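Enquirer:
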Amino acid sequence: MNNYADVGKALTSPRVLEKLSELYGTRDGMTVYQSNRYNGLLKRHEELFNSPDRVQFISAPGRTEIGGNHTDHNRGRVLAASVNLDCLSAVTPRNDMLVNLVSEGYAPIQVDLSDLALVEEEKGTTRALIRGVAARMVELGYKIGGFDVAVTSSVASGSGLSSSAAFEVMVCAIFDQLYNGFVIDFKTRAKIGQYAENVYFGKPSGLLDQMASAAGGLVAVDFKEDDPEVFPLSFDFAAHGYSLVVVATGGSHADLTDDYAAIPNEMKAVAGKLGAPYLRKVRREEFIKAIPELRNSVSDRAIMRAMHFYDENQRVTRQVEALRDNELTKFFDNIIESGRSSYMYLQNVYAKPEDQSLSLALCMAESMLKDRGAWRIHGGGFAGTTLNFVPQDLLAEFIAWNEQVFGKHCCHVLDIRPQGAAVIEL
6 MNNYADVGKA LTSPRVLEKL SELYGTRDGM TVYQSNRYNG LLKRHEELFN
56 SPDRVQFISA PGRTEIGGNH TDHNRGRVLA ASVNLDCLSA VTPRNDMLVN
106 LVSEGYAPIQ VDLSDLALVE EEKGTTRALI RGVAARMVEL GYKIGGFDVA
156 VTSSVASGSG LSSSAAFEVM VCAIFDQLYN GFVIDFKTRA KIGQYAENVY
206 FGKPSGLLDQ MASAAGGLVA VDFKEDDPEV FPLSFDFAAH GYSLVVVATG
256 GSHADLTDDY AAIPNEMKAV AGKLGAPYLR KVRREEFIKA IPELRNSVSD
306 RAIMRAMHFY DENQRVTRQV EALRDNELTK FFDNIIESGR SSYMYLQNVY
356 AKPEDQSLSL ALCMAESMLK DRGAWRIHGG GFAGTTLNFV PQDLLAEFIA
406 WNEQVFGKHC CHVLDIRPQG AAVIEL
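Each residue of the sequence shown is one higher than the last, beginning at 6 in our numbering.
#1: Check this for me: beta carbons of tyrosine 147 and phenylalanine 180, under 8 Å apart or not?
#2: If the criterion is Cβ atoms closer than 8 Å, does the pair histidine 75 and leucine 299 meet it?
#3: Measure how close the beta-carbons of glutamine 424 and glycine 221 come, nearest whole angstrom, since I'm counting them as under 8 Å.
#4: Taking all protein chains shown into account, do 16 or more other C-beta atoms lie within 10 angstroms of the C-beta of isoleucine 197, making it buried, or fewer, making it exposed?
#5: Where cysteine 92 and asparagine 301 are concerned, what is the direct C-alpha to C-alpha distance, given to the nearest angstrom?
#6: Quick check on aspartate 214: buried or exposed, where buried means 16 or more other Cβ atoms within 10 Å of its Cβ?
#7: With distance defined between alpha-carbon atoms, name the residue in Val138, Phe152, Val21, Ala112 nearest to proline 57.
#8: Identify the residues that DSSP records as bridge partners of leucine 84: which are they?
#9: Let me know if valine 37 comes out buried or exposed under the rule of 16 or more other beta-carbons within 10 Å of its beta-carbon.
#10: Taking DSSP as the reference, what is the three-state secondary structure of arginine 381?
#11: What residues are listed by DSSP as bridge partners for tyrosine 265?
#12: Classify tyrosine 111 as helix, strand or coil using the three-state DSSP reduction.
#13: Using the three-state DSSP reduction, which class does proline 19 fall into: helix, strand or coil?
#14: Roughly how many angstroms separate the alpha carbons of valine 98 and phenylalanine 337, rounded to a whole number?
#15: Please return the same chain residues whose Cβ sits closer than 6 Å to the Cβ of phenylalanine 394, not counting the five positions on each side in sequence.
#16: Can you tell me the Cα-Cα spacing of tyrosine 355 and leucine 363, whole angstroms?
#17: Taking DSSP's pairing of strands, which residues face glutamate 234 in a bridge?
#18: Can you tell me whether DSSP reads threonine 130 as helix, strand or coil?
#19: Using DSSP's beta-bridge definition, name the partner residues of asparagine 105.
#20: The alpha helix (DSSP H) with isoleucine 308 in it runs from where to where?
#21: Quick one: is serine 95 buried, meaning 16 or more other Cβ sit within 10 Å of its Cβ, or exposed?
#22: Can you have a look at valine 188 and say buried or exposed, based on whether 16 or more other CB atoms are within 10 angstroms of its CB?
#23: Count the other CB atoms, across all protein chains shown, that sit within 10 Å of the CB of alanine 194; report buried if there are 16 or more and exposed otherwise.
#24: Pull up the CB-CB distance for histidine 383 and valine 226, whole angstroms please, since I reckon it's below 8 Å.
#25: Counting only the same chain and skipping the five closest in sequence on each side, list residues whose C-beta sits under 8 Å from that of isoleucine 308.
#26: For glycine 30, which residues from the same chain have a beta carbon less than 7 Å from its beta carbon, with the 5 sequence-adjacent residues on both sides left out?
#27: May I ask you to report which of helix, strand or coil DSSP gives asparagine 89?
#28: Classify glutamate 326: buried if its beta carbon has 16 or more other beta carbons within 10 angstroms, exposed otherwise.
#29: Which residues share a DSSP beta bridge with lysine 98?
#30: Which of helix, strand or coil does DSSP assign to valine 12?
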């Protein structure tokens, strides 16, 4: 039996099927679907590379931001969860420093890791993320090497579930598994991904996306210190009769980097006027007292965005307390309040008056879910997705209505995944 046939047989074992159920849940025949998905990726790897080495499967999840909209980059608090959509790789090691990657739906790429210097022309590309992850791992004293990898992802770009963070965490996990024995802790894995995105890819993201993907499960994270505090939570929304539904409105993220970057930049500009590098270093009372003087040096929008930061930080604390106390009404009230603050003060619901698809999705959600659930902007904003807590008896109607407006498959019904980066042991 050759390598690929042996791995294919292992994928049908009870132990692997149980692992797939753990990672992806059991909703609507999910385990059978994932088993077929893994087998399909295995066959793809054989067609592409036909390696003599045993194929390994490494997965990293997307994430949903539940609370803490645009707080992480100013050392705030967030509430987030990894979800059962992932970036999945079938990978074998190489004896050189070449990475050959073929991702479903994209042209093959090759990266030579013998040179880890930043390449300006690569910014904004997958190559930049691979090179950036490798470079940071070497700086931290970890080993790297080449590999052949086939990739498929259910974390669609633009889905608001952070496909880039899932990819970064997966690439770090590949290097870690193949060359270090899977020893890197989830915080370090997250920081490596953020470094690749900030420095090599050129996007000034905070650490929320990577931390949620790497940590796994439902977590509250406090970014006040360089070593963030991560608090695991246990709450089963489905058991309480609700589904988490992300609605992708189809808005384009193209040309929005400047809009995203303006949010942390404006918040930090306010902090700078008050003698601090970021807002978490400034007491809310000091900020409030300084507003009259701040208007002479920063925009009113920057002041409102700073106000959102302080209030959002407090909302995250209330959301966590509500979940711990099983007070869903209190939790939903804070979710809705968070969304309204993002809309009015953070101002990240739309960038152009002619494209207000997110505004429409929020309007529709409020119409259907008022007094029954909750809704808010999801993730970075400006284009993309909303997050909704939908009662089970309204789920089919909610999905059908949104599909009529935003197209088939615009709704992603999510389950919280209990594990971050994972090697599926065969």
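We put the CB at the ideal spot given by N, CA and C, even for glycine.
Note that the structure is a prediction, hence the values are computed from the model and not measured.
Expert: Here's the rundown:
#1: yes
#2: no
#3: 4 Å
#4: buried
#5: 47 Å
#6: buried
#7: Phe152
#8: Gly72, Ala225
#9: exposed
#10: strand
#11: Answer is none; tyrosine 265 lacks a bridge partner.
#12: coil
#13: helix
#14: It should be pointed out that residue 98 corresponds to proline in this sequence rather than to valine. When rounded, the distance between both Cα atoms is 47 Å.
#15: Tyr247, Gly378, Ala379
#16: 7 Å
#17: Asp227
#18: coil
#19: Gln115, Asp153
#20: 305-329
#21: The sequence shown places alanine at residue 95, rather than the serine named in the question. The residue in question, alanine 95, is buried, as its Cβ has 16 or more Cβ neighbours within 10 Å.
#22: exposed
#23: According to the sequence as given, residue 194 is arginine; it is not alanine. Under this definition arginine 194 is a buried residue.
#24: Actually they are not in contact, since the Cβ atoms of histidine 383 and valine 226 sit about 17 Å apart, beyond 8 Å.
#25: Val275, Ile296, Leu299, Arg300
#26: Asn89, Asp420
#27: strand
#28: exposed
#29: In the sequence as displayed, the identity of residue 98 is proline instead of lysine. In DSSP, proline 98 forms a bridge with Phe152.
#30: helix
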